[in-house]
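Number 568 marks the last residue of the sequence shown (this note's numbering); no jumps. By construction, the Cβ of each residue, glycine as well, lies at the ideal position given by its N, Cα and C atoms. Here the structure is a predicted model, which is why all the values come from computation and not from measurement. Working notes, beginning with the structure itself.
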Amino acid sequence: MTGIRFENVWKFFEGSAVVTDLNLDVHAGEFIVLVGPSGCGKTTSLRMLAGLERPSHGRIFIEDRDVTDVPTGQRDISMVFQSYALYPNMNVYKNLAFGPRVRKEPKSTLQTRINDVADLLQIRHLLNRTPSALSGGQRQRVALGRALIREPRVFLMDEPLSNLDAALRVQMRAELIRLHHRLKETTTVYVTHDQVEALTMGDRVAVMKDGVLLQVDTANDLFEYPDSVFVGEFIGSPKMNVFEGTLMITGDGVVVDVLGVRADLTDYVAGRLIDGVSSGPVLVGVRPHDLFPASGGADESDRIPARVDISEHTGTEVFATMDVGETKAVARLPRALKPELGERIDLAFSRHAVHLFDASTKLSLLGRIRGRERVSVAQTTQVRPEVK
Ligand SMILES: Nc1ncnc2c1ncn2[C@@H]1O[C@H](COP(=O)(O)OP(=O)(O)OP(=O)(O)O)[C@@H](O)[C@H]1O
Ligand SMILES: [Mg+2]
């Protein structure tokens, strides 16, 4: 059964499209994450799903029922708002109890349910305080608690962890996933602009940009098979290097000329090139993890002379911004190396980890491998119809 479906959904504000022809199927019971930069239309999409905004065009379905014209209260959804939307004159307990009371749910179990949710979110000691006496992170947990007190068919969460400190965020991430597994029937749409949150939490992740849904995939496939330069750069940290290069396809092989080396990719990408790709300028994506000091391994490119510009320690690794001729490249260096500013280090990249994109459309030139099968890349439509 379909949990949620957006069918050709558009939203215009003041004549400009902020959500453009959104088509998305979420399976029943799935945890899907909508991710994208600020202003890309995530909250607007969620508000349309909640019935707080009407689509300018298109239909929305929840569990195969067309809810486009169904009021919010009849959609069986629970939403955590980005802005918290707490009742300022009620204490935390009353904020949590408000929904169940309005819905006339049994009073006998209310206290226990509130305590359980408060324990889960570590706000039990705050039940008597009003929102004005809470920190941002505490308010955010109360907002989350108000949604979690129910067991709805659909959970909508708009950046519910953005104001928590790093440790609490990691802990709450795990709690929300655990909760989702417990509520097997509930479909969750979770909005974030944090790609780490998206990758760690989502069964699938939907990447949006400027109101357009670019790609929907599992975390692993998004990382491995980005359909576009944008997704390649947005997913993964530090972000993917994108270099200008030249692709040369001959009768017996595929070579890419990039960073001053000619890398023979025949064994790695020849079977994955989509139809119609010809020799010429391309964009070459290499993740920092796949660019490292040359050791002469079988899968490596030739040596690329580079010089350390800046190095950043992450604790387990060092990522260094390197000058390669006129180009900057971020590479992964071993922690033990302790690179000095200006130090010369020869780099190499893993040839199997190279991504190739069309230089003008910035869409991937590589299909993906599923089992032994080559699946062509869904070429994103960037067409924007006339403003209605
Ligand atoms: N009521 C409104 N009237 C006019 N423009 C709006 C309205 N609501 C949202 N917008 C615009 O629509 C675009 C999408 O906004 P939206 O809130 O959906 O973005 P978002 O992806 O949730 O961003 P963020 O990560 O900052 O929360 C933005 O450019 C925003 O300014
Ligand atoms: Mg938002």
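For residue i, the three-state DSSP class (helix, strand or coil)
i, result
"aspartate 244", "coil"
"glutamate 355", "helix"
"leucine 521", "coil"
"glutamine 320", "helix"
"alanine 516", "helix"
"glycine 433", "strand"
"methionine 270", "coil"
"lysine 191", "strand"
"glutamate 404", "helix"
"aspartate 383", "coil"
"lysine 161", "No information on residue 161 is available, as it lies outside the stretch 181 to 568 that the chain covers here."
"threonine 561", "Low per-residue confidence applies at threonine 561: pLDDT is 37, beneath 50, and the placement is therefore not dependable enough to give any value."
"arginine 326", "helix"
"lysine 222", "helix"
Residue j beta carbon less than 8 angstroms from that of residue i
i, j, result
"threonine 248", "isoleucine 240", "yes"
"proline 406", "histidine 207", "no"
"threonine 366", "valine 334", "yes"
"isoleucine 525", "valine 488", "yes"
"phenylalanine 261", "aspartate 338", "yes"
"glutamate 497", "alanine 528", "no"
"leucine 439", "alanine 539", "no"
"valine 504", "alanine 486", "yes"
"alanine 323", "leucine 204", "no"
"valine 198", "threonine 224", "yes"
"methionine 428", "valine 435", "yes"
"arginine 515", "phenylalanine 499", "no"
"lysine 222", "leucine 214", "yes"
Any non-hydrogen atom of ligand 1 closer than 7 angstroms to residue i Cβ
i, result
"glutamine 262", "yes"
"histidine 373", "yes"
"serine 236", "no"
"phenylalanine 193", "yes"
"glycine 231", "no"
"glycine 316", "no"
"glycine 433", "no"
"valine 459", "Checking the displayed sequence, the identity of residue 459 turns out to be serine instead of valine. No, ligand 1 has no heavy atom inside 7 angstroms of this Cβ."
"serine 218", "yes"
Residue i classed as buried or exposed, judged by whether at least 16 other C-beta atoms fall within 10 angstroms
i, result
"valine 466", "buried"
"glutamate 424", "exposed"
"valine 282", "exposed"
"tyrosine 264", "buried"
"valine 567", "Note that valine 567 has pLDDT 35, beneath the 50 cutoff, so the model's placement of it is unreliable and no number is given."
"glutamate 194", "exposed"
"aspartate 299", "exposed"
"lysine 191", "buried"
"leucine 393", "buried"
"arginine 245", "exposed"
Rounded distance between the beta-carbons of residue j and residue i, thought under 8 angstroms
i, j, result
"isoleucine 211", "tyrosine 370", "Sequence inspection shows phenylalanine at residue 211; the isoleucine mentioned does not correspond to that position. Between tyrosine 370 and phenylalanine 211 the Cβ distance is about 7 angstroms, and since that is below 8 angstroms, they are a contact."
"isoleucine 242", "arginine 255", "6 angstroms"
"arginine 158", "glycine 547", "This structure gives no information on residue 158, because the portion of the chain shown stretches from 181 to 568."
"tyrosine 273", "isoleucine 294", "6 angstroms"
"proline 268", "proline 311", "5 angstroms"
"leucine 301", "glycine 279", "No, leucine 301 and glycine 279 are not in contact; Cβ-Cβ is about 15 angstroms, not under 8 angstroms."
"valine 376", "serine 408", "In fact, because the Cβ distance is near 20 angstroms, the residues do not count as touching under 8 angstroms."
"threonine 507", "glycine 460", "Not a contact, Cβ separation roughly 19 angstroms."
Contact test: residue i Cβ vs ligand 2 heavy atom, cutoff 7 angstroms
i, result
"threonine 200", "no"
"threonine 252", "no"
"aspartate 338", "yes"
"threonine 223", "yes"
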